[in-house]
Amino acid sequence: MYGNFSRKRRVHGMLKLYYGLNEEGKTVDQAESMNPCDINGTHFDPEVYLNKLRRECSLGELMDQETCMVKQIRSLDSDMQTLVYENYNKFISATDTIRKMKNDFKKMEDEMDCLSTNMAAITEFSAHISGTLQDQHAQITKLSGVHTLLRKLQFLFELPARLNKCLELQAYSQAVSSHRRARCVLQQYSHMPSFRGIQDDCHAIMDKLAQELRQKFRDGGSSAKDLSECVELLLQLDEPAEELCDKFLIHAQSRLEANLRGLEAETDILEFIDRGCNEFVSSLCLVIASYQELFVNRPQEGELASKNIPHMAIGKLHAFVDAMATCYFLLVERRIQEEKSVGDNSLLVRALDRFHRRLQAVAKLLPGSAVPSQGTEIVVRAARERIKQYLAALQRFYLDSLRDVRQALAAPRLATGKDAPASLPELLSSLSASILNQIKSVLASVHLFTAKDITFSNKPYFKGEFCSQGVRESLVVNFIKFVCQSSRQFCESAGDRGGSTPPALLLLLSRLCLEYETSTITYILTLTDEQFLVQHRSPVTAVAALCGEAREAAQKLLNHYVKVQGLIISQMLRKSVETRDWVNTIEPRNVRAVMKRVVEDTTSIDVQVSLLYEEGTRKAHSSDSSKRTFSVYSGSRQQTRYAPSYTPSAAMDTNFLSNIHKLFSERIDIFSPVEFNKVSVLTGIIKISLKTFLECVRLRTFGRYGLQQIQVDCNYLQMYLWRFVSDENLVHFLLDEIVGSTAHRCLDPAPMEQSVIEVICERG
Amino acid sequence: MEDDAPVIYGLEFQARALTSQTAESDAIRFLVGTQSLKFDNQIHIIDFDDENNIISKSVLQHQAGEIWHISASPADKAVLTTCYNKTSESRVVTCGAVWRMPPEWESGSHESPDDPHNSHNPQNLELLCHLDNSSHGNASCVLWEPMGDGKHVISLADNHALLWDLTESSTQATISSSATLEGKGQLKFTAGKWSPHHNCTQLATANDTAIRGWDLRTMSQIYCIENAHGQLVRDLDFNPNKQYYLASCGDDCKVKFWDVRNINEPVKTLEEHSHWVWSVRFNHSHDQLVLTGSSDSRVILSNMVSISSEPFGHLVDDDDLSDGEDNHQDEKTKEPLQDSIISTYEEHEDSVYAVEWSSADPWLFASLSYDGRLVINRVPRALKYHILL
Numbered sequence: 001m002y003g004n005f006s007r008k009r010r011v012h013g014m015l016k017l018y019y020g021l022n023e024e025g026k027t028v029d030q031a032e033s034m035n036p037c038d039i040n041g042t043h044f045d046p047e048v049y050l051n052k053l054r055r056e057c058s059l060g061e062l063m064d065q066e067t068c069m070v071k072q073i074r075s076l077d078s079d080m081q082t083l084v085y086e087n088y089n090k091f092i093s094a095t096d097t098i099r100k101m102k103n104d105f106k107k108m109e110d111e112m113d114c115l116s117t118n119m120a121a122i123t124e125f126s127a128h129i130s131g132t133l134q135d136q137h138a139q140i141t142k143l144s145g146v147h148t149l150l151r152k153l154q155f156l157f158e159l160p161a162r163l164n165k166c167l168e169l170q171a172y173s174q175a176v177s178s179h180r181r182a183r184c185v186l187q188q189y190s191h192m193p194s195f196r197g198i199q200d201d202c203h204a205i206m207d208k209l210a211q212e213l214r215q216k217f218r219d220g221g222s223s224a225k226d227l228s229e230c231v232e233l234l235l236q237l238d239e240p241a242e243e244l245c246d247k248f249l250i251h252a253q254s255r256l257e258a259n260l261r262g263l264e265a266e267t268d269i270l271e272f273i274d275r276g277c278n279e280f281v282s283s284l285c286l287v288i289a290s291y292q293e294l295f296v297n298r299p300q301e302g303e304l305a306s307k308n309i310p311h312m313a314i315g316k317l318h319a320f321v322d323a324m325a326t327c328y329f330l331l332v333e334r335r336i337q338e339e340k341s342v343g344d345n346s347l348l349v350r351a352l353d354r355f356h357r358r359l360q361a362v363a364k365l366l367p368g369s370a371v372p373s374q375g376t377e378i379v380v381r382a383a384r385e386r387i388k389q390y391l392a393a394l395q396r397f398y399l400d401s402l403r404d405v406r407q408a409l410a411a412p413r414l415a416t417g418k419d420a421p422a423s424l425p426e427l428l429s430s431l432s433a434s435i436l437n438q439i440k441s442v443l444a445s446v447h448l449f450t451a452k453d454i455t456f457s458n459k460p461y462f463k464g465e466f467c468s469q470g471v472r473e474s475l476v477v478n479f480i481k482f483v484c485q486s487s488r489q490f491c492e493s494a495g496d497r498g499g500s501t502p503p504a505l506l507l508l509l510s511r512l513c514l515e516y517e518t519s520t521i522t523y524i525l526t527l528t529d530e531q532f533l534v535q536h537r538s539p540v541t542a543v544a545a546l547c548g549e550a551r552e553a554a555q556k557l558l559n560h561y562v563k564v565q566g567l568i569i570s571q572m573l574r575k576s577v578e579t580r581d582w583v584n585t586i587e588p589r590n591v592r593a594v595m596k597r598v599v600e601d602t603t604s605i606d607v608q609v610s611l612l613y614e615e616g617t618r619k620a621h622s623s624d625s626s627k628r629t630f631s632v633y634s635g636s637r638q639q640t641r642y643a644p645s646y647t648p649s650a651a652m653d654t655n656f657l658s659n660i661h662k663l664f665s666e667r668i669d670i671f672s673p674v675e676f677n678k679v680s681v682l683t684g685i686i687k688i689s690l691k692t693f694l695e696c697v698r699l700r701t702f703g704r705y706g707l708q709q710i711q712v713d714c715n716y717l718q719m720y721l722w723r724f725v726s727d728e729n730l731v732h733f734l735l736d737e738i739v740g741s742t743a744h745r746c747l748d749p750a751p752m753e754q755s756v757i758e759v760i761c762e763r764g
Numbered sequence: 001m002e003d004d005a006p007v008i009y010g011l012e013f014q015a016r017a018l019t020s021q022t023a024e025s026d027a028i029r030f031l032v033g034t035q036s037l038k039f040d041n042q043i044h045i046i047d048f049d050d051e052n053n054i055i056s057k058s059v060l061q062h063q064a065g066e067i068w069h070i071s072a073s074p075a076d077k078a079v080l081t082t083c084y085n086k087t088s089e090s091r092v093v094t095c096g097a098v099w100r101m102p103p104e105w106e107s108g109s110h111e112s113p114d115d116p117h118n119s120h121n122p123q124n125l126e127l128l129c130h131l132d133n134s135s136h137g138n139a140s141c142v143l144w145e146p147m148g149d150g151k152h153v154i155s156l157a158d159n160h161a162l163l164w165d166l167t168e169s170s171t172q173a174t175i176s177s178s179a180t181l182e183g184k185g186q187l188k189f190t191a192g193k194w195s196p197h198h199n200c201t202q203l204a205t206a207n208d209t210a211i212r213g214w215d216l217r218t219m220s221q222i223y224c225i226e227n228a229h230g231q232l233v234r235d236l237d238f239n240p241n242k243q244y245y246l247a248s249c250g251d252d253c254k255v256k257f258w259d260v261r262n263i264n265e266p267v268k269t270l271e272e273h274s275h276w277v278w279s280v281r282f283n284h285s286h287d288q289l290v291l292t293g294s295s296d297s298r299v300i301l302s303n304m305v306s307i308s309s310e311p312f313g314h315l316v317d318d319d320d321l322s323d324g325e326d327n328h329q330d331e332k333t334k335e336p337l338q339d340s341i342i343s344t345y346e347e348h349e350d351s352v353y354a355v356e357w358s359s360a361d362p363w364l365f366a367s368l369s370y371d372g373r374l375v376i377n378r379v380p381r382a383l384k385y386h387i388l389l
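Residue numbers (full-length UniProt numbering), protein chains in the order written: chain A, 1 to 764; chain B, 1 to 389.
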């Protein structure tokens, strides 16, 4: 009973669920439903409810309750009645429907029975008919078979005639296809005489045909298309593929060689390459393409497949292409080597580009071929060669410019005397500017090799080695080295052959090298690196090393300049001392012309150097630089003669003061490196000159007036030379030495009064 | 190994002429001739005691005039020649003469250099004969026949080379043959050297920038190195062990080494001095040692191994050859040596006009500067042992 109750509740719950009563309502329900006094609840207990009412409510309330309840009951009754009525109607109509259906089904069953009987009758008839037609059908099939056979036979019998006709009409392909169709059959039935006859006839004809095809193939006059057709047919006729390949290639070779021969006549590089591309390379491509179509890419059927023709054919093709390309490359390379003029690089680059571009077609057609890489190598070689040529051209240009400068230095001097030095800075600037321009234009020319639109510019060589090793090292660095080198050569060769190089040129070159060291080298290399995006994968010459070399060259040139100029003045002084009879000379009345000349020359050197080099530093002048009395020859000498000296064994005959001076002064290096400024240069020249003067004086013997003349000369030099040198004490010291030595070499040392000397010198 | 300090000796006069006493092979002895126009000139005979590092000197008077060149006879210790200036009124002529030292100088007047009286009563040289060349001009130098018997000398006078025969006692000299340098301008021999090779039949001379070789049998020129130096050639010397090798030096500050069979190019050039190089001398025994003196006041000792007669150092003796293993090791360690500057001597304060090796001790040399300072130096010991061992 309880189970039944709970099932009811579940149904009730499901209904509730269906009508969307929420959970709260449910719990309220449950709470209420547990209440036995809830009249709508499931646990409603009328007894309890009544008792409760009776206990709790007054009479009046009970009465009200009752009326309310009666009212409710009545309404519930009427509701129930309505429900029952409605459901009844529906049930009635459903019953009607079912009954009607029952009748219909019965009728249908009858019709179905009728149908099945009819079908059985039809089957029976059909079987009957086919039974009667069986024989005739078999006969017809047989007849049609015979008909086909006959047609085939007819084809066979007509074959020789047909082939002949084809042969006459030159419809080779038709003939071959016909023959191919018949071949197997004829082969199969060749034991029967009639068939054999046909087969023999066919063979004879086909041989003839093959012969004709071969002839046609050999003639070579036919177009590539014809040729390929020929080859195709011959292949179908079981012609050995290898032989065909060879023949095909030989044929192609003759044509290509003709192209090459035509090429040799061409003169202009661009036309040459154009023609090479258009004729030779295109033909080659055509040959490759048709060859591949014929022998390599054709679908393989039957026995042909087993022979592995493509493998053989490709091998042959490669060998052929390589051989032809080699010939072509030889021609091209020879032609490129003839291209020596460095004027316009763009032509060559364009030609090379075209050359390289067209070879890419070969690469596409024939993937494994070495041709394109060989072509690239040619381009690389050409580029290398080009760099060498440009280097040579630069060097030539440099030497030419130097020659021009030399002429410019020599020419105005002949024409207008002293104008020449005035143009030194302009010469220098024009020289360095023209060299720089030339380098730039060469760089621009070479840069064409790496332009974006050039096909080979993205090859690894042109991206890497060409830029770093080629352009930077071989071209730019080598050129700078050459400049330094040739400058150094000026020093070496000129030294032995008595100064064949004009000193002004030495000075100019030294300045040029110095400028290279300070700025130009850095500029050029930076320019190169930027233009060519040089990646320093391989070790390259450092800027500092080049600068060092340039500085060394500049130093050497300047040293040499000092030496040469010093030598020129030295020679004058030496001749003047050596050729004079100093014992019997007359009393000095004026300064010797040589000294004036020395001062003049020194002044002009000073002007020349100041055009190119800065002043430099010098020690402060004393107030009376030009006027200084030589203390060398004085009375003190007599007293010091036998004075003890630094060696215990001997007394000194030499000038004591001079020796003391020497003890405390630094040793003078006569031919010592000079600094890059005017004062240092002139100091060097004057040092050399005066030292020569000293040594020459020591080799001579003087009379009284000889000594006086030297005194006058030295005083004159003192007046003018001090202003040129960094340390005037040096001039003092050397002139002191000269006068001192002269006094020692004098037979009758009677010096001239300083005042007289000054008068003579001022008179000039 | 400490090297001994240089020994310095001062003369009271200026001096240019220096020679070692060629015939003396036991004592280290140098002869110096002074230059003074006002006082009597002297020849200082300087003996060096190697063990005690002491110099002793003798002075002989050379009253004829200031000495420009001096050279000692290879045969007779007492005989020497000088070229000297003779001033007669208003003329200066350079003459050559053969002298004999007085026999007593060694025993009698050999005193310590400190003795102040020594210089007051020196002995005179005995004149043997004049190399009378009044017709030939000024003598620039007199050369003895190397290793000869002291009977032949050559004097160079202006543009003449004169070969003299001396009598037994050297008291008379006669010209046996002569050669004259012909050419444009006033040509003048500046230096010369008698080759010790080829049986002493060759002479090398320098004039201006050229070096010439002469055959003394025919007195004709055999070679001429034009422009051997950029400027004047100052001195020459023959390699004592390699007959075709010649060293020269000059006003271009360079020292050049020539193979006279190929005169187009010097074999080697040194450019170490900063002024004219006045003197160059090969060591008599070890010809890689080359001494040069210059007017930059420096003396430079160079080690010219690559062109010496011992390019691989000291040759292995026969005794060593028998000792197979040691020999192999030797070869490994002995690589070809590099040419180098051994040392630069800066004891002088004036131009150095003459340098000379001692004829007695191959490791010792003297240099003379214009202010009369004579410096005796030794080859550094390390190098000496390197060459010897």
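Note that CB positions come from ideal geometry on N, CA and C, so glycine has one too.
Within the region 73-90 of chain B, the residues whose Cβ lies closer than 7 Å to some Cβ of chain A are 85, 87, 90, listed in chain order. Straight through space, the alpha carbons of residue 351 of chain B and residue 203 of chain B are spaced by roughly 28 Å. Excluding five sequence positions before and after residue 167 of chain A, the CB atoms of its chain that fall closer than 8 Å to its own CB belong to 175, 205, 208, 209, 212, given in chain order.
Fully contained in the region 322-398 of chain A is no beta strand (DSSP E) run of length 3 or more. Beta-bridge partners assigned by DSSP to residue 69 of chain B: B:83.
Look at the region 348-373 of chain B: the residues with a C-beta under 8 Å from a C-beta of chain A are 349, 350, 351, 370, 371, 372, 373. For residue 379 of chain B, there is no enclosing alpha helix (DSSP H), as DSSP gives it neither H nor E. Contacts with chain B (Cβ-Cβ distance below 7 Å) from the region 583-606 of chain A involve 583, 584, listed in chain order.
Rounded to whole angstroms, residue 512 of chain A and residue 505 of chain A show a C-alpha spacing of 10 Å.
Bounds of the beta strand (DSSP E) holding residue 155 of chain B are 152-157.
By the Cβ rule, the region 123-143 of chain B counts as touching the region 80-87 of chain B, because three or more pairs are nearer than 8 Å. About 19 Å separates the CB atoms of residue 299 of chain B and residue 229 of chain B; that is not less than 8 Å, and the two are not in contact. Counting along the chain, residue 704 of chain A sits inside no beta strand (DSSP E); it lies in the alpha helix (DSSP H) bounded by residues 704-721.
The beta carbon of residue 434 of chain A is closer than 7 Å to those of 401 in its chain, skipping five residues each way along the sequence. Of the candidates A:564, A:594, A:194, A:594 places its Cα closest to the Cα of residue 578 of chain A.
Burial state of residue 233 of chain A is buried, judged by a 10 Å Cβ sphere holding 16 or more other Cβ atoms.
Burial state of residue 370 of chain B is buried, judged by a 10 Å Cβ sphere holding 16 or more other Cβ atoms. Judged by pairs of C-beta atoms under 8 Å, the region 28-44 of chain B touches the region 53-67 of chain B, as three or more such pairs exist. Uninterrupted beta strand (DSSP E) stretches at least 3 residues long and entirely within the region 76-113 of chain A do not occur.
Pairwise C-beta distances place the region 720-737 of chain A in contact with the region 681-696 of chain A, as three or more of them are shorter than 8 Å.
For residue 158 of chain A, the number of other beta carbons within 10 angstroms of its own is below 16, and it is reported as exposed. Check the Cα spacing between residue 481 of chain A and each of A:57, A:492, A:551, A:195: the tightest is with A:551. For the C-beta of residue 37 of chain B, the chain A residues within less than 8 Å are, from N- to C-terminus, 701, 744, 745, 746, 747. Contact between residue 405 of chain A and residue 431 of chain A holds: CB atoms are separated by about 6 Å, below the 8 Å threshold. Within chain B, the residues placing a beta-carbon under 8 Å from that of residue 691 of chain A are 275, 295, ordered along the chain. Annotation: the region 480-531 of chain A contains the following complete segments of the alpha helix (DSSP H) (minimum length 4 residues), in chain order: 503-515. Contact holds between the region 734-754 of chain A and the region 689-696 of chain A, because three or more Cβ pairs, one in each stretch, are under 8 Å apart.
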